[in-house]
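Residue numbers 1 to 338, in the numbering used here, belong to the letters of the sequence shown in order.
Quick reminder that beta carbons are idealized off the backbone N, C-alpha and C, glycines included.
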Amino acid sequence: MVKVARATQVELETAVQALRDGELVAFPTETVYGLGANAKNPEAVRKIFEAKARPTTHPVIVHLDSARFLHHWVREVPEPAARLAERFWPGPLTMVLPRAYNVHDILTGGQDTVAVRVPAHTMAQQLLTAFGGGIAAPSANRYGRLSPTRAEHVRDELGDTVRIVLDGGECQIGLESTIVAFDGARARLLRPGAVTASQMREVIGELLLGPDLESPRVPGSSPSHYSPRTPMTIVPTGQIDAQAAALSEGGRRIAVLAQRLPLKAHTYVTWVNAGRRPDQYGHGLYANLRTLDKAACRRILVQEVPPDERWDAVRDRLMRAASGVSEIDVTGNVAILP
Ligand code: TXA
Ligand code: MG
């Protein structure tokens, strides 16, 4: 049986004891739920990779309660990184920095850098402070699948392999943290998130975008990731109704994730209106995709999102979750392009 811990004092103590014993604890952050282990215990961290079925070459984030012990993990904090920490921690920002000499390879995938984050969620803060050390934690989903934004998603994903799930309700942001990597004082955005590129530029000036050839591995940046099981396609805004109608013809069930209501009722279409606000849309994205994934549909059609920066994190996750883009061709047929 999976034990659901609420953050009473007793349950916090149980979770802390589990971490000290080398066991896994799932816990909420303001972005998504994490699957945590004592970052100083390589055997415990190895259990994370087993539970997620994640290759050990993929590094994990070390979570801290504040920047006060950052130097235990990082050998050098470039000046712009210190400014980002000052401005955005605690919060949804992860920084990839040169690792301290005693940081274990299992955390870094053998790279010379380590990813660190100070989450803001009260329960994550309570856990980190009570534990008194770093907690290594990727998102608490099976490798390549949608990140969990509620405690029950963690149980759906990992079942009995995780004994303790701290239940902090729904994650406020719902998308994984922004990741920025430093090469000396040069900052590069590896994964968009709630902290946007322009917010960071206001603090540090220059910020490069996207991984380059020498960038460290970020499996979240492989083309297929964060995926529902149902094939998913991105559809231009003006075509969403027509494509839903065309693809559901003859009684085939189709799901739609849109930013508005349908123009008319479609009989075989499960239509979710996720709204026009990027924060609200992002907050519900993974839960919506989980729901639509269970609706036994042939395909999930997703209305493309606006091109402005506030949608960057949502767009990034949609592109990775989608198997292609669909267009109505000149003959009026729906073509799915890889
Ligand atoms: O919001 C989040 O970041 C959540 C919560 C739980 O903190 N965590 C999360 O972890 O999304 P994960 O493992 O699912 O994604 C972290 C990403 C991975 O793509 C990983 O490869 C990358 O961060 N990463 C970790 N360490 C790295 C490093 N040293 N260099 C480059 N990328 C790294
Ligand atoms: Mg993940």
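In the displayed model, Thr291 falls within a helix according to three-state DSSP. In terms of side-chain proximity, the C-beta atom of Glu176 is found nearer than 7 Å to a non-hydrogen atom of ligand 2. If you draw a straight line from the Cα of Gln199 to the Cα of Glu13, it is about 37 Å long. Using a Cβ distance threshold of 8 Å, Arg83 and Val203 count as a contacting pair. Beta-bridge annotation (DSSP): Val302 is paired with Ile234, Leu257.
The straight-line gap separating the alpha-carbon atoms of Ala265 and Thr29 is approximately 38 Å. For Pro98, the uninterrupted beta strand (DSSP E) segment begins and ends at 93-98. Judged by the Cβ position, Ile336 fails to qualify as a neighbour of ligand 1 at the 7 Å threshold, every heavy atom of the ligand being at least this far. DSSP lists Ile135 as the beta-bridge partner residues of Asn38.
Around the beta carbon of Tyr226, 16 or more other beta carbons lie within 10 angstroms, which makes this residue buried. Looking only at Gly193, Val45, Asp105, Val154, the smallest Cα-Cα distance to Phe27 is reached by Val154. For Arg310, there is no enclosing alpha helix (DSSP H), as DSSP marks it with neither H nor E. When DSSP states are grouped into helix, strand and coil, Ala26 belongs to the strand group. If you draw a straight line from the Cα of Asp105 to the Cα of Gln111, it comes to about 7 Å. DSSP lists Ile336 as the beta-bridge partner residues of Ser326. Scanning its chain for C-beta atoms nearer than 7 Å, with the 5 sequence neighbours on each side dropped, one finds around Tyr268 the residues Ser248, Gly251, Arg252, Arg253, Ile254, in chain order. By DSSP's assignment, Asp183 forms a beta bridge with Arg186. With 16 or more other Cβ atoms inside 10 Å of its own Cβ, Arg317 counts as buried. When C-beta atoms of the region 291-305 are compared with those of the region 190-197, fewer than three pairs fall below 8 Å, so the two segments do not count as touching. The shortest C-alpha to C-alpha distance from Gln259 to any of Val302, Tyr33, Ala287 is the one to Val302.
Between the alpha carbons of Lys52 and Pro59 lies a distance of about 13 Å. With a threshold of 16 other beta carbon atoms within 10 Å, Glu304 meets it and is buried.
In this model, Gly169 and Asn333 are separated by some 43 Å (Cα to Cα). Separation of Leu107 and Ala322 (C-alpha to C-alpha, rounded to the nearest whole angstrom) is 29 Å.
Within the model, the alpha-carbon separation for Val25 versus Gln239 is close to 44 Å.
When only Cα atoms are considered, Thr56 and Pro148 end up about 21 Å apart. With a threshold of 16 other beta carbon atoms within 10 Å, Val96 meets it and is buried.
With a threshold of 7 Å, the Cβ atom of Arg320 does not count as near ligand 1, since no heavy atom of the ligand is closer than that.
If you look at Arg117, you'll find it in the beta strand (DSSP E) that goes 113-117. In this structure, Ser66 is the residue among Arg87, Ile179, Ser66, Arg163 with its C-alpha nearest to the C-alpha of Ala124.
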